[in-house]
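Since the structure comes first, as structure tokens, the remarks are kept for the end.
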Amino acid sequence: MLRPSLVLLLLLASLNFSSGALCVSPTPFFCSTMLRPSLVLLLLLASLNFSSGGLLPNGNFESGPLPSELSGTRVRGKNAIPNWETSGFIEYIKSGYKQGDMILVVPEGKCAVRLGNEASIKQKTIYSSVGFDTYAWGFLAEDDEIKISLHNPGMAEDPACGPLIDTVAINILHPPRPTNANLLKNANFEEGPYVFHNSSWGVLIPPNIEDDHSPLPAWMVESLKAVKYIDSHHFSVPEGKRAVELVAGKESVIAQTIRTNPGKDYVLNFAIGDSNSGCIGPLNVEASVGKDTVTVSYESKGNGGFIRAKLPFKAESTRMRIRFSSMFYTMKEDGSLCGPVIDDVMVLSVRHPRHLIYRIQKSDKGGIEADMITHRTNRDAAASANEAEKEILGCKRMENHKLQNSTWFETNRKEIVVHKNGNGLTGKWSPSSVIRQCF
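Those letters in the sequence shown? Residues -20 to -1, 1 to 419, by mature numbering (1 follows the signal peptide of the UniProt record, and there is no 0).
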């Protein structure tokens, strides 16, 4: 029996100015379950119950030391911060704290901690314009109770460079499974890190994540830079509630390996769009499976929207790797990185070329749009739709039925077959007249 993985979320500011020095580190902190007494260290003392996701006990550091346990901003006493144990030089920072003409901005709430020994001020980070980022790290719990530590490994040349830590949360991840409706696992990215409700900058998944406990289950980050996990509450998402934004140009890659039958034909379908965050210009994505590749260009106006694309391929082995990479670096007006959004990825086998499945859905510009999904039989089409838990509507006989996300049709280009619970209803192949009754 597979054990669910866990994902740790923390919010930090990693770029600071201090004494005229710019502190830039691609790995501003490490998460570890092993203690290093020589390093600045935060250790969570409370036992954690992983029945649901959310903040760790005092994960936002709003409960702070007593006045007698502070010397200025420096924390005195290893148990001064409730639920945490500290060692090394730890500062307890309140929002708006000033040192000279420098002001520290706390990411969320009123208080945070800093793993360093000098003051700093808010600056833009490489991924966002608000001065801080949220990172996710996945791991497998080896016991019912664990200890979580956050420490500064002291890799910066200037010892004054220390990350500002705030808002630590944890989330349980369930191992995804492929289905007959899709050979990919977690294809719509709905399973992933915990997203802070009040954050509007997404969650960064670190680079070179290839183990079995990725914060984004079933997917690997095959690049030198992070990718961004976004939600529909703060961003435009093509399908469902979650998606991935490739924010670091050619150094932003996600991948997944699927099981295939050598010599069989398959088709990869996916959506590419923008996150409605002011990312303007051409957003190009290269999708590849083995030796087969396709480059898709989406002209973004920065206000949301997406298009769909496909890549037919023939399996060369029992395992094939699906890869998505951004082709260019793109920046918003504030100088922060952005890129194409990937979502609703699907891989299906091609069985009967004479029958095509189309997905008809509302267009973001109004009206309808259709895209070919794959070749299937009538029986397979109904099964695929049911297993994907998508509602199947009979347009001509169910005019008043509420339309869900999408409607599935199968056609041989002469007539349209609409499936409802496996029963076919036939009508003429005329999307403009038949489909319109669904809206």
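By construction, the Cβ of each residue, glycine as well, lies at the ideal position given by its N, Cα and C atoms.
Exercise. Looking only at DSSP bridge pairs, what is Leu317 linked to?
Worked result: Residue 317 sits at position 337 when you count from the first residue of the sequence shown. DSSP, once it has assigned bridges, lists Met311 as partnering Leu317.
For this session: Note the first and the last residue of the continuous beta strand (DSSP E) segment covering Cys91.
Result: If you number the sequence shown from 1, residue 91 lands on position 111. Segment 91 to 94, the beta strand (DSSP E) holding Cys91.
Exercise. Is Pro37 near Asn63, with beta carbons less than 9 Å apart?
Worked result: Within the sequence shown, residue 37 is the residue found at index 57, counting from 1. Within the sequence shown, residue 63 is the residue found at index 83, counting from 1. In contact: Pro37 and Asn63 (Cβ atoms closer than 9 Å).
Exercise. Can you give the Cα-Cα distance for Pro173 and Gly220, rounded to whole angstroms?
Worked result: For the purposes of this step, residue 173 is taken as the residue at position 193 of the sequence shown. For the purposes of this step, residue 220 is taken as the residue at position 240 of the sequence shown. Spanning the two alpha carbons is a distance of roughly 15 Å.
For this session: Determine the contact status of Gly68 and Asn132, defining contact as a CB-CB distance below 9 Å.
Result: Taking the sequence shown and counting its residues from 1, one reaches residue 68 at position 88. Taking the sequence shown and counting its residues from 1, one reaches residue 132 at position 152. Yes, these two residues count as a Cβ contact at 9 Å.
Exercise. Skipping 5 residues on each side, what residues in its chain have a beta carbon closer than 6 Å to that of Val55?
Worked result: The residue given as residue 55 occupies position 75 in the sequence shown. If we look at Val55 and ignore the five residues flanking it on each side, its Cβ neighbours are Pro45, Thr66, Ile70, Tyr72.
Problem set entry | Identified DSSP bridge partners for Pro262 | Translated into the one-based positions of the sequence shown, residue 262 becomes position 282. Answer is Glu279.
Problem set entry | Stretch pair the stretch 270 to 279 + the stretch 221 to 232: three plus CB contacts closer than 8 Å | At 8 Å Cβ cutoff, the stretches do not touch.
Problem set entry | Contact under 9 Å by Cβ, Asp211 with Val265 | Stepping through the sequence shown from its first residue, residue 211 is reached at position 231. Stepping through the sequence shown from its first residue, residue 265 is reached at position 285. Contact: no.
For this session: Assign Lys290 to one of three DSSP states: helix, strand, or coil.
Result: For the purposes of this step, residue 290 is taken as residue 310 along the sequence shown, with counting starting at 1. In the structure shown, Lys290 sits in a strand (DSSP, three-state: E or B).
Exercise. Between Ser297, Gly253, Gly261, which lies nearest to Ala289 when the distance is taken from Cα to Cα?
Worked result: Here residue 289 refers to the residue found at position 309 when the sequence shown is read from its first residue. Nearest C-alpha to Ala289: Gly253.
Problem set entry | Element boundaries [beta strand (DSSP E), containing Asp254] | Walking along the sequence shown from the start, residue 254 turns up at place 274. Per DSSP, Asp254 belongs to the beta strand (DSSP E) from 245 to 254.
Problem set entry | Residues bridged to Ala161 [DSSP beta-bridge criterion] | Numbered from 1 along the sequence shown, position 181 holds the residue referred to as residue 161. In DSSP, Ala161 forms no bridge with anything.
Problem set entry | Bounding residues of the beta strand (DSSP E) (the contiguous stretch that carries Leu144) | Indexing the sequence shown from 1 puts residue 144 at position 164. Judged by DSSP secondary structure, Leu144 falls within the beta strand (DSSP E) whose first and last residues are 144 to 153.
For this session: Using beta-carbon positions only, say whether Arg94 and Pro155 come within less than 9 Å of one another.
Result: Along the sequence shown, one-based indexing puts residue 94 at 114. Along the sequence shown, one-based indexing puts residue 155 at 175. No, Cβ-Cβ distance for Arg94 and Pro155 is not below 9 Å.
For this session: Return the chain-ordered list of same chain residues with a C-beta closer than 6 Å to the C-beta of Ser268, the five sequence neighbours on each side being excluded.
Result: Locating residue 268 in the sequence shown gives position 288, counting from the first residue. Cβ neighbours of Ser268 beyond the five flanking positions: Arg303.
Exercise. Exposed or buried, Met14, counting other C-beta atoms within 10 Å across all chains shown (16 or more means buried)?
Worked result: Locating residue 14 in the sequence shown gives position 34, where the first residue counts as 1. Below a pLDDT of 50, predicted positions are generally treated as unreliable, and Met14, at 31, falls in that range; the measurement from the model is reported next regardless. By the 10 Å Cβ count, Met14 comes out exposed.
Exercise. How is Lys230 classed by DSSP in three states: helix, strand or coil?
Worked result: As a working note, residue 230 is residue 250 in the sequence shown. In the structure shown, Lys230 sits in a helix (DSSP, three-state: H, G or I).
For this session: Check whether the Cβ atoms of Arg157 and Arg239 sit closer than 9 Å, and answer yes or no.
Result: Taking the sequence shown and counting its residues from 1, the one referred to as residue 157 is at position 177. Taking the sequence shown and counting its residues from 1, the one referred to as residue 239 is at position 259. No; because the gap between Cβ atoms is not below 9 Å, this pair is not in contact.
Exercise. For Glu171, which of helix, strand or coil comes out of DSSP?
Worked result: Counting from 1 along the sequence shown, the entry for residue 171 is found at position 191. The answer is coil: DSSP assigns Glu171 none of H, G, I, E or B.
Exercise. According to the neighbour-count rule (16 or more other Cβ atoms, all chains shown, within 10 Å of its Cβ), is Asn188 buried or exposed?
Worked result: In the sequence shown, residue 188 corresponds to position 208, counting from 1. Burial call: exposed.
Exercise. In three-state terms, what does DSSP make of Ser329?
Worked result: The residue you call residue 329 lines up with position 349 of the sequence shown. Strand, per DSSP.
Exercise. To the nearest angstrom, how far is it from the Cα of Tyr209 to the Cα of Val183?
Worked result: Here residue 209 refers to the residue found at position 229 of the sequence shown. Here residue 183 refers to the residue found at position 203 of the sequence shown. Approximately 5 Å between the Cα atoms of the pair.
For this session: Tell me whether Ser203 sits in a helix, a strand or coil according to DSSP, three-state version.
Result: Translated into positions along the sequence shown, residue 203 becomes position 223. It is coil, neither helix nor strand.
Exercise. Is it true that the CB of Asp323 sits closer than 9 Å to the CB of Asn168?
Worked result: As a first step, residue 168 must be located in the sequence shown, where it is residue number 188. As a first step, residue 323 must be located in the sequence shown, where it is residue number 343. Yes; because the gap between Cβ atoms is below 9 Å, this pair is in contact.
For this session: Apply the 10 Å Cβ neighbour rule to Asn241 and answer buried if 16 or more other Cβ atoms are within range, or exposed otherwise.
Result: Within the sequence shown, residue 241 is the residue found at index 261, counting from 1. That one is exposed.
Problem set entry | With 16 other Cβ atoms within 10 Å as the buried cut-off, status of Leu196 | Your numbering for residue 196 matches position 216 in the sequence shown. With 16 or more Cβ atoms within 10 Å of its Cβ, Leu196 is classed as buried.
Exercise. According to DSSP, which residues form a beta bridge with Thr273?
Worked result: Stepping through the sequence shown from its first residue, residue 273 is reached at position 293. Looking at the DSSP assignment, Thr273 forms a beta bridge with Ser268.
Exercise. Is the CB-CB distance between Phe41 and Thr147 below 9 Å?
Worked result: Here residue 41 corresponds to residue number 61 of the sequence shown, with the count starting at 1. Here residue 147 corresponds to residue number 167 of the sequence shown, with the count starting at 1. Cβ atoms of Phe41 and Thr147: closer than 9 Å.
Problem set entry | Bridge partner(s) assigned by DSSP for Asp323 | Position 343 of the sequence shown, counting from 1, holds the residue named residue 323. Per DSSP, Ala251.
Exercise. Just reading off the beta strand (DSSP E) that His131 is part of, what are its end residues?
Worked result: By 1-based counting over the sequence shown, the position of residue 131 is 151. 129 to 132 is the extent of the beta strand (DSSP E) around His131.
Exercise. What are the partner residues of Phe176, as DSSP defines its beta bridges?
Worked result: Position 196 of the sequence shown, counting from 1, holds the residue named residue 176. Note: Phe176 sits in no beta bridge, so no partner.
For this session: Measure from the alpha carbon of Tyr246 to the alpha carbon of each residue in Ala295, Phe286, Leu35, then state which is nearest.
Result: Taking the sequence shown and counting its residues from 1, the one referred to as residue 246 is at position 266. Ranking Ala295, Phe286, Leu35 by Cα distance to Tyr246 puts Ala295 first.
Exercise. Rounded to a whole number of angstroms, what is the C-alpha to C-alpha distance between Asp123 and Ile150?
Worked result: Within the sequence shown, the letter at position 143 stands for residue 123. Within the sequence shown, the letter at position 170 stands for residue 150. Rounded to the nearest angstrom, the two C-alpha atoms are 15 Å apart.
Problem set entry | Extent of the continuous beta strand (DSSP E) run through Val73 | Counting from 1 along the sequence shown, the entry for residue 73 is found at position 93. This sequence places Ile at residue 73; Val is not what is there. Start and end: 71 to 74.
Problem set entry | Val183 - containing beta strand (DSSP E), residue span | Taking the first residue of the sequence shown as 1, we reach residue 183 at position 203. Here the beta strand (DSSP E) through Val183 covers 183 to 185.
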